[in-house]
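To convert, note that position 132 of the sequence shown is 132 in full-length UniProt numbering; the numbers rise steadily by one, no gaps. Note that CB positions come from ideal geometry on N, CA and C, so glycine has one too. Note that the structure is a prediction, hence the values are computed from the model and not measured. Structure first, then comments.
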Amino acid sequence: MNSNVENLPPHVLRLVYKEVSALAADPPEGIKIYPSEEDITELHTSIEGPEGTPFAGGIFRMRLVLGKDFPAVPPKGYFLTKIFHPNVGHKGEICVNVLKRDWKAELGLRHILLTIKCLLIHPNPESALNEEAGRLLLEDYAEYESRARLLTEIHAMGGTSGAPQDPNDGPQPKKHAGDPTKRAGPSVPAGLGNSANGASSNSNSSSNINNVVKKKADKKRALRRL
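Listed below in structure tokens is the structure:
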């Protein structure tokens, strides 16, 4: 989607920037914000799957897109992580009343994010975008839970799909102790590292090799006699 930064009036952009900055500094529990300096009208986030649901343990990436008529018109929400949920379409589009008829300009982005997180706890099969998920939720919850859990394990556990990765997430580069210009040399087997003992170590190694060769030859001669 194209950016709507140029389409929004300056006072709306200032309000959006202020709210996004507040969200990034103090996000709702279980939610991370990934603000973009280039395009404040597209907000990337991630939501932790709530405990006690088939989504527990997963990290679900999503985005909110603010249109040119925001805040008079609600933003559009999309899951970027694949999820089996009645209110999430096959292309990730989210169906929730707060993004439709219940929207009010004063609600704000924080309210939207909390509502979407609650949707993971309490799906609404009556306004299903994924009809199969909605049907299973009503008729066969065990099968619904199994399907939702499977997709969570495949797509939401340990993946990086969706929003830009937090630079603080994941393993950090290893740092060398001491002088960074010095690197440890190749490992040396015990007994071969000291130059003072080099001659005796080499002699012992040659003796060991000869013994091994002799044992193999004796074994072959013994086998021929059988």
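Contact check, residue i vs residue j under 8 Å by CB: the rounded distance?
{"i": "T13", "j": "I40", "result": "Before going on, a small fix: residue 13 reads as Leu here, not Thr. Confirmed, Cβ separation roughly 7 Å."}
{"i": "P54", "j": "A148", "result": "4 Å"}
{"i": "L99", "j": "I112", "result": "7 Å"}
{"i": "G77", "j": "L64", "result": "5 Å"}
{"i": "I59", "j": "E48", "result": "6 Å"}
{"i": "G89", "j": "L129", "result": "4 Å"}
{"i": "L43", "j": "R61", "result": "Not really, about 12 Å apart at Cβ, beyond 8 Å."}
{"i": "K91", "j": "N4", "result": "Rounded, the Cβ-Cβ distance is 20 Å, inconsistent with contact."}
Looking at the secondary structure, which residues open and close the alpha helix (DSSP H) in which residue i lies?
{"i": "E48", "result": "Not the alpha helix (DSSP H): E48 falls in the beta strand (DSSP E), residues E42 to E48."}
{"i": "K76", "result": "Per DSSP, K76 belongs to no alpha helix (DSSP H); it is in the beta strand (DSSP E), K76 to F79."}
{"i": "S3", "result": "Element bounds for S3: n/a, residue is neither H nor E."}
{"i": "V20", "result": "P10 to A25"}
Just to confirm the assignment, what range does the beta strand (DSSP E) spanning residue i have?
{"i": "L64", "result": "I59 to V65"}
{"i": "G134", "result": "Per DSSP, G134 belongs to no beta strand (DSSP E); it is in the alpha helix (DSSP H), E131 to E139."}
Opposite residue i in the DSSP bridges: which residues?
{"i": "Y34", "result": "H44"}
If you measure from the beta carbon of residue i to each beta carbon in chain C, is any gap under 8 Å?
{"i": "S127", "result": "Looking for chain C here will not work: only one protein chain is present."}
Under 8 Å, with one C-beta from each stretch per pair, do the stretch 86 to 99 and the stretch 112 to 131 reach the 3-pair mark?
Taking 8 Å as the limit for Cβ pairs, the verdict is that the stretch 112 to 131 does touch the stretch 86 to 99.
Ordered list of alpha helix (DSSP H) runs contained in the stretch 81 to 161, each at least 4 residues
108 to 121, 131 to 139 and 141 to 151
Cβ pair count under 8 Å reaching 3, the stretch 140 to 157 against the stretch 67 to 78
no
Given 8 Å, three or more beta-carbon pairs between the stretch 98 to 112 and the stretch 134 to 141
no
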